[in-house]
């Protein structure tokens, strides 16, 4: 997300115009295809956000020659949000419900990791962190734990956030049957939580927010 002062009217206009270019055929020079949609986008935007796409489109791969990138193995809504972020530096979470919203964030985080988009990862992590600070009280919180820990990733940042929030509120959470059920269902979460509670958190799990 970008913020500007009153003196930055020119930048505001520029980024508004850039946002309007998302999925516009004007000057678009490549197509992204998902399992259920396609988007007209710009190589310059893709390559400046993602080293993955930069390598793909700079070195004569099939996608560069044909002008089409197939991303049909990824969640279509996550790809749409990723592309939207490239133009607007923000994204809209389309999920309905507390658990579904956090799980979508985790899916988008995994997509950002796959396509090497550090800016998007930071944006997702910040939104996830700010929301979970209050939504851990929701009855859906155990489903959030199951969903987030069920999404493959090599970056534990979102998982670490759940462990941190759970540790900070353990006295209240441990009284809830749903939370105890999640401990049984997700051994990886349970192990990390116990380790955190014991004060033996591995240094390698510290995320961007210092958690």
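Residue numbers (the UniProt record's numbering): 1 to 211. For each residue, glycine too, the CB sits at the ideal point set by N, CA and C. Everything numeric in this text was worked out from a predicted model, so none of it was measured.
Local Cβ density within 10 Å of residue i, reported as buried at 16 or more and exposed below that
i, result
"residue 68", "exposed"
"residue 196", "buried"
"residue 127", "buried"
"residue 55", "exposed"
"residue 53", "buried"
"residue 187", "exposed"
"residue 129", "buried"
"residue 212", "Summary: the structure shown does not reach residue 212, with the chain confined to residues 1 through 211, and so no result is reported for it."
"residue 140", "buried"
"residue 125", "buried"
"residue 13", "exposed"
Residue from the options with nearest C-alpha to residue i
i, options, result
"residue 63", "93, 45, 31", "31"
"residue 161", "189, 140, 182", "189"
"residue 121", "92, 157, 138, 150", "157"
"residue 73", "176, 137, 33, 185", "33"
"residue 135", "199, 29, 101", "101"
"residue 76", "151, 193, 26, 107", "107"
Other residues of its chain near residue i: CB distance less than 8 Å, five sequence neighbours each side excluded
i, result
"residue 133", "165"
"residue 71", "32, 33, 34, 79"
"residue 180", "174"
Within 8 Å, strictly: CB atoms of residue i and residue j
i, j, result
"residue 144", "residue 99", "yes"
"residue 153", "residue 104", "no"
"residue 262", "residue 96", "Residue 262 cannot be examined here, being either before or after the span of the chain that is shown, 1 to 211."
"residue 115", "residue 50", "yes"
"residue 213", "residue 43", "Here the chain comprises residues numbered 1 to 211, so residue 213 is not present and cannot be evaluated."
"residue 91", "residue 45", "no"
"residue 199", "residue 142", "no"
"residue 163", "residue 183", "no"
Neighbourhood of residue i by C-beta, 6 Å cutoff - its chain only, sequence neighbours within 5 removed
i, result
"residue 119", "none"
"residue 117", "49, 50"
"residue 216", "In the structure displayed, the chain extends from 1 to 211; residue 216 sits before or after that span and is not available."
"residue 174", "none"
"residue 155", "113"
Beta-carbon proximity list for residue i, same chain, < 7 Å, skipping 5 on both sides
i, result
"residue 191", "none"
"residue 148", "102, 103, 106, 158, 159, 162"
"residue 138", "98"
"residue 28", "40, 41, 42"
task: Evaluate contact between the stretch 78 to 95 and the stretch 37 to 45, counting only Cβ atoms and requiring at least three cross-stretch pairs below 8 Å.
output: yes
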